[in-house]
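First residue of the sequence shown: 15, per our numbering; consecutive thereafter.
Every residue, glycine too, gets a C-beta built ideally from N, C-alpha and C.
Step one of this worksheet: look at the structure below.
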Amino acid sequence: MLRRRLDLWLREWEVDQALPADPDATEGARATAPAKPAGSRIELRATGSVPEPVSAGQIRLLHPLPDNRTDIRPFYVAVLHVDSSGGNVLVAPFSRFKNPAVPGELKSGLDGIHVRVICVWNARLLPGPFVARSWVAGELSGDRLRQAKSLYQRHVCERNILLGSSAAWPAGSLSFPTSVGPPSHDVASVGETGPPLQHPLDTRHIYLARESAAFDEIQRAAESNAGQRRSITYDCAGTGLLKAAEDRAEYGGKKPGRRRKK
Numbered sequence: 015m016l017r018r019r020l021d022l023w024l025r026e027w028e029v030d031q032a033l034p035a036d037p038d039a040t041e042g043a044r045a046t047a048p049a050k051p052a053g054s055r056i057e058l059r060a061t062g063s064v065p066e067p068v069s070a071g072q073i074r075l076l077h078p079l080p081d082n083r084t085d086i087r088p089f090y091v092a093v094l095h096v097d098s099s100g101g102n103v104l105v106a107p108f109s110r111f112k113n114p115a116v117p118g119e120l121k122s123g124l125d126g127i128h129v130r131v132i133c134v135w136n137a138r139l140l141p142g143p144f145v146a147r148s149w150v151a152g153e154l155s156g157d158r159l160r161q162a163k164s165l166y167q168r169h170v171c172e173r174n175i176l177l178g179s180s181a182a183w184p185a186g187s188l189s190f191p192t193s194v195g196p197p198s199h200d201v202a203s204v205g206e207t208g209p210p211l212q213h214p215l216d217t218r219h220i221y222l223a224r225e226s227a228a229f230d231e232i233q234r235a236a237e238s239n240a241g242q243r244r245s246i247t248y249d250c251a252g253t254g255l256l257k258a259a260e261d262r263a264e265y266g267g268k269k270p271g272r273r274r275k276k
């Protein structure tokens with residue numbers, strides 16, 4: 015069972031690594047790819063002028079990096095905990111793969127391409143204002159949220175390494191709030207998490223390092239730009255755009271007026 019779970023993930027990894035280097039293979043994969051099932055897309059909820067309050071269980075699409083970086087993919091995150099003051103929010107990013115790579119990754123139970131696996135091992139505390147200006151994209155079930163919290167607490171607070179190995183815990187990991195309560199779900203026993211990571215040359219070490227580094231960038235941007243919103247100013251000087259706001263010009267010496275109704 016563990017071997018099969020690892021094989022499934024490794025296949026995804028190999029395809030992912032091959033795509034940038036072989037465009038022709040990418041086109042072939044698209045041609046032979048099965049049709050996406052109904053519900054495979056996840057749509058953002060319109061929050062209107064007043065953002066929807068951040069709450070545990072939400073799935074959110076984080077605001078893009080403020081420096082317009084294009085080499086880091088958009089991050090969907092699961093909100094695991096919001097402190098009582100709203101100052102900090104514990105979020106876990108989602109994997110770009112369908113199958114969990116390590117014991118610290120949990121299947122979400124959803125079929126949206128970007129939200130199938132929660133990377134609990136990569137959870138971080140982000141400033142509340144930064145998370146609040148993200149977009150609500152969905153919600154975890156109550157059971158899955160409890161499982162994610164339990165998984166985080168069991169492996170972080172009790173210092174059992176979530177990767178299933180004796181390696182040092184990745185930088186930036188955080189203690190889970192003690193108010194959540196003791197772990198109560200053994201998700202590993204039902205195949206909802208990934209296989210253990212034991213060999214030092216395992217390919218998954220590369221994957222974990224890259225995912226951690228990518229979310230490090232998000233965390234740094236959030237901490238330095240927590241309450242700021244982007245604004246765009248258009249320079250209309252010397253263009254025809256200003257004419258839209260001008261009064262109607264005179265024609266034939268007559269001032270423009272309304273047409274008479276017949």
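Cross-strand partners of residue i (DSSP beta bridge)
i	result
histidine 95	Leu104
leucine 120	Ile132 and Thr207
proline 149	Note on residue identity: the sequence assigns tryptophan, not proline, to residue 149. According to DSSP, which records beta bridges pairwise, tryptophan 149 is partnered with Leu75.
Alpha-carbon to alpha-carbon, residue j and residue i
i	j	result
serine 99	threonine 217	40 Å
valine 91	isoleucine 127	13 Å
arginine 25	arginine 17	12 Å
leucine 20	serine 238	38 Å
proline 65	proline 214	45 Å
glycine 101	proline 141	6 Å
valine 145	glycine 71	13 Å
alanine 236	aspartate 97	17 Å
proline 222	isoleucine 132	For the sequence presented, residue 222 should be read as leucine rather than proline. Roughly 13 Å separates the two Cα atoms.
arginine 87	asparagine 113	19 Å
alanine 162	valine 150	19 Å
phenylalanine 89	glutamate 231	11 Å
tryptophan 27	aspartate 125	19 Å
arginine 168	leucine 139	17 Å
Residue i classed as buried or exposed, judged by whether at least 16 other C-beta atoms fall within 10 angstroms
i	result
arginine 287	Residue numbering for the chain in the displayed model covers 15 to 276; residue 287 lies beyond these limits and cannot be assessed.
valine 29	exposed
glutamine 212	exposed
glycine 156	exposed
alanine 227	exposed
glutamine 31	exposed
arginine 234	exposed
Chain-order list of residues whose beta-carbon lies under 6 Å from that of residue i (same chain, five-residue window excluded)
i	result
histidine 77	Arg147 and Ser148
phenylalanine 229	Pro107 and Asn136
histidine 219	none
Nearest candidate by alpha-carbon position, reference residue i, set the options
i	options	result
threonine 207	His95, Val93 and Ala115	Ala115
leucine 104	Ser122, Pro143, Arg87 and Val129	Pro143
arginine 110	Gln161, Gly123 and Glu225	Glu225
leucine 22	Glu231, Ala236, Gly205 and Ile220	Gly205
leucine 154	Val96, His219, Leu222 and Gly123	Gly123
methionine 15	Tyr221, Leu222, Pro209 and Lys112	Pro209
glycine 152	Val68, Leu222 and Trp27	Val68
serine 164	Ala223, Leu120 and Asp125	Leu120
leucine 159	Val150, Asp230 and Ala106	Ala106
arginine 130	Leu139, Trp27 and Phe108	Phe108
Same chain only: Cβ atoms within 7 Å of residue i, ignoring 5 sequence neighbours per side
i	result
tyrosine 166	Leu94, Val134, Ala137 and Phe190
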